[in-house]
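Student: With this note's numbering as the guide, the letters of the sequence shown map in order to residues 291 to 572.
Just passing along the structure, written as structure tokens.
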Amino acid sequence: MIRNSFFLLLCLFASCNYFKPEQKPESIARVGKSYLYKSDIATLVPAGTSKADSILLVRDFINRWASQKLLIEAAERNLSDKKKSEYNALIKQYKIDLYTKAYIEEVVKNTVDTLVNEDELKAYYKQNKDNFKTNATLVRLRFINVAKDNPRFATIRNKFFNYSKKDKKFWDTYALQFKSFAMNDSVWVDMSQVYYKLPVINPDNRDEIIRPGKKAEIQSNNDVYLIKITNVIDKNQVSPFEYIKPTLKEIILNQRKLELIKQFEKEITDDAIKNNDYEIYK
Numbered sequence: 291m292i293r294n295s296f297f298l299l300l301c302l303f304a305s306c307n308y309f310k311p312e313q314k315p316e317s318i319a320r321v322g323k324s325y326l327y328k329s330d331i332a333t334l335v336p337a338g339t340s341k342a343d344s345i346l347l348v349r350d351f352i353n354r355w356a357s358q359k360l361l362i363e364a365a366e367r368n369l370s371d372k373k374k375s376e377y378n379a380l381i382k383q384y385k386i387d388l389y390t391k392a393y394i395e396e397v398v399k400n401t402v403d404t405l406v407n408e409d410e411l412k413a414y415y416k417q418n419k420d421n422f423k424t425n426a427t428l429v430r431l432r433f434i435n436v437a438k439d440n441p442r443f444a445t446i447r448n449k450f451f452n453y454s455k456k457d458k459k460f461w462d463t464y465a466l467q468f469k470s471f472a473m474n475d476s477v478w479v480d481m482s483q484v485y486y487k488l489p490v491i492n493p494d495n496r497d498e499i500i501r502p503g504k505k506a507e508i509q510s511n512n513d514v515y516l517i518k519i520t521n522v523i524d525k526n527q528v529s530p531f532e533y534i535k536p537t538l539k540e541i542i543l544n545q546r547k548l549e550l551i552k553q554f555e556k557e558i559t560d561d562a563i564k565n566n567d568y569e570i571y572k
């Protein structure tokens with residue numbers, strides 16, 4: 291009797307182990323019938339990571355993987371068939387959208403002409419410039435921030451306010467002595483950049499300084515700011531061509547892409563009809 295009981299327990303134990311899923315080669319974790327393999331974490335740990343940090347990274351990854359598997363299995367068991375049907379439809383549509391978007395982008399990238407010449411930009415600007423109003427005051431200026439005890443200060447000041455392109459070598463020589471500077475007064479910048487670059491200008495004194503043709507010499511502690519305002523465009527005025535040139539280019543390119551996509555969709559549909567791959571049944 292004892293021998294029979296022992297044999298029965300042995301069989302029960304063996305049967306339990308028999309039904310327990312066997313660890314698969316190279317697997318490092320299991321949730322239900324899903325396995326995580328060493329190859330899944332092959333590139334997880336960056337080179338040079340310490341052993342302790344590597345262990346933490348791998349352990350956290352395994353725990354997140356297990357949690358996701360357990361949650362999706364619980365969701366599939368407990369969500370209603372109606373809900374699962376709705377989500378499966380969304381997943382199917384998302385796949386369609388994702389694939390078609392990627393394919394069209396690839397076609398556009400390899401087909402659209404990205405060269406926009408100056409004449410095209412100017413023509414588009416002329417036709418649409420009233421749609422491009424400034425969001426802030428725009429300024430063209432040049433400035434120098436130099437120590438007031440600089441031994442060549444008088445020369446620097448004179449050449450700055452009587453600026454000449456012939457003095458390029460002079461400015462290249464002394465530029466390293468300036469704490470900050472901007473000599474290209476053909477570029478439009480908005481007031482936020484002016485405030486940032488020139489802390490001596492603020493909302494209280496801006497109307498006095500930010501005027502076309504204004505020359506200013508402002509001391510601040512041991513520094514002197516030499517400023518020449520070339521031009522000013524107030525807020526809500528037509529933006530200058532050079533300032534919005536990059537935006538114009540993007541708009542024209544986007545229009546080309548939209549036209550190409552529309553043409554491509556029409557051609558692929560027409561080809562399908564011609565080849566009897568697309569039919570509408572009445």
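Ideal Cβ placement from N, Cα and C applies to all residues, glycine included.
Smallest Cα separation from residue 429: which of 331, 487, 466, 406?
Tutor: Here residue 429 corresponds to residue number 139 of the sequence shown, with the count starting at 1. The shortest Cα separation from residue 429 among 331, 487, 466, 406 belongs to 487.
Student: On the three-pair Cβ rule with 8 Å, is the stretch 511-526 touching the stretch 403-421?
Tutor: no
Student: Do residue 385 and residue 435 have their CB atoms nearer than 8 Å?
Tutor: Residue 385 sits at position 95 when you count from the first residue of the sequence shown. Residue 435 sits at position 145 when you count from the first residue of the sequence shown. Going by C-beta atoms, residue 385 is not nearer than 8 Å to residue 435.
Student: By how many angstroms is the C-alpha of residue 460 removed from the C-alpha of residue 466?
Tutor: Numbered from 1 along the sequence shown, position 176 holds the residue referred to as residue 466. Numbered from 1 along the sequence shown, position 170 holds the residue referred to as residue 460. Approximately 11 Å between the Cα atoms of the pair.
Student: Does the stretch 526-539 come within contact of the stretch 416-424, defined as at least 3 CB pairs closer than 8 Å?
Tutor: yes
Student: Can you tell me whether residue 484 is buried or exposed? The criterion is at least 16 other CB atoms within 10 Å of its CB, across all chains shown.
Tutor: Within the sequence shown, the letter at position 194 stands for residue 484. It counts as buried.
Student: Count the other C-beta atoms from every protein chain shown that fall within 10 angstroms of the C-beta of residue 514, then say buried if there are 16 or more, exposed otherwise.
Tutor: The residue you call residue 514 lines up with position 224 of the sequence shown. Buried, because 16 or more other Cβ atoms sit within 10 Å of the Cβ of residue 514.
Student: Do residue 319 and residue 352 come within 8 Å of each other at the CB atom, strictly closer than that value?
Tutor: Numbered from 1 along the sequence shown, position 62 holds the residue referred to as residue 352. Numbered from 1 along the sequence shown, position 29 holds the residue referred to as residue 319. The answer is yes: Cβ separation under 8 Å.
Student: In the DSSP output, what is residue 325 paired with across the bridge?
Tutor: Here residue 325 refers to the residue found at position 35 of the sequence shown. DSSP lists 320 as partners of residue 325.
Student: Residues in its own chain within less than 8 Å of residue 568 by CB, not counting five upstream and five downstream?
Tutor: The residue given as residue 568 occupies position 278 in the sequence shown. Hits under 8 Å: 559, 562.
Student: Between the C-alpha atoms of residue 402 and residue 531, what's the straight-line distance to the nearest angstrom?
Tutor: Here residue 402 is taken as the residue at index 112 of the sequence shown, counted from 1. Here residue 531 is taken as the residue at index 241 of the sequence shown, counted from 1. Each residue's Cα considered, the two are about 24 Å apart.
Student: Jot down the residue ranges of each uninterrupted alpha helix (DSSP H) in the stretch 368-455, minimum 4 residues, whole runs only, in chain order.
Tutor: 371-401, 408-418, 443-451
Student: So if DSSP puts residue 471 in a beta bridge, which residue, or which two residues, is it bridged to?
Tutor: Numbered from 1 along the sequence shown, position 181 holds the residue referred to as residue 471. Residue 471 is bridged to 434.
Student: Just the Cα atoms here: how many angstroms apart are residue 323 and residue 535?
Tutor: Residue mapping note: residue 323 aligns to position 33 of the sequence shown, counting from 1. Residue mapping note: residue 535 aligns to position 245 of the sequence shown, counting from 1. Whole-angstrom Cα-Cα distance: 58 Å.
Student: From the DSSP output, in three-state form, read off residue 507 for me.
Tutor: Taking the first residue of the sequence shown as 1, we reach residue 507 at position 217. The answer is strand: DSSP assigns residue 507 an E or B state.
Student: Which partner residues of residue 480 appear in the DSSP bridge assignment?
Tutor: Working through the sequence shown from its first residue, we reach residue 480 at position 190. According to DSSP, which records beta bridges pairwise, residue 480 is partnered with 428.
Student: Report, in whole angstroms, the separation of the C-beta atoms of residue 321 and residue 361, which I expect to be a contact under 8 Å.
Tutor: Translated into the one-based positions of the sequence shown, residue 321 becomes position 31. Translated into the one-based positions of the sequence shown, residue 361 becomes position 71. That pair is no contact at about 10 Å.
Student: Go ahead and pull the three-state DSSP assignment for residue 518.
Tutor: Here residue 518 corresponds to residue number 228 of the sequence shown, with the count starting at 1. Strand at residue 518.
Student: Taking all protein chains shown into account, do 16 or more other C-beta atoms lie within 10 angstroms of the C-beta of residue 415, making it buried, or fewer, making it exposed?
Tutor: As a first step, residue 415 must be located in the sequence shown, where it is residue number 125. The residue is buried, with at least 16 neighbouring Cβ atoms inside 10 Å.
Student: Ordered along the chain, which non-local residues of its own chain (more than five positions away) have a Cβ less than 6 Å from that of residue 565?
Tutor: On the sequence shown, position 275 is the one that residue 565 refers to. Closer than 6 Å at Cβ, skipping near neighbours: no residue.
Student: Between the alpha carbons of residue 496 and residue 447, how many angstroms are there, rounded?
Tutor: Sequence index remark: in the sequence shown, residue 496 carries index 206 (1-based). Sequence index remark: in the sequence shown, residue 447 carries index 157 (1-based). If I take the Cα positions, the gap works out to 22 Å.
Student: Where does residue 348 fall in DSSP's three states?
Tutor: The count along the sequence shown starts at 1 and reaches residue 348 at position 58. Here residue 348 sits in helix by DSSP.
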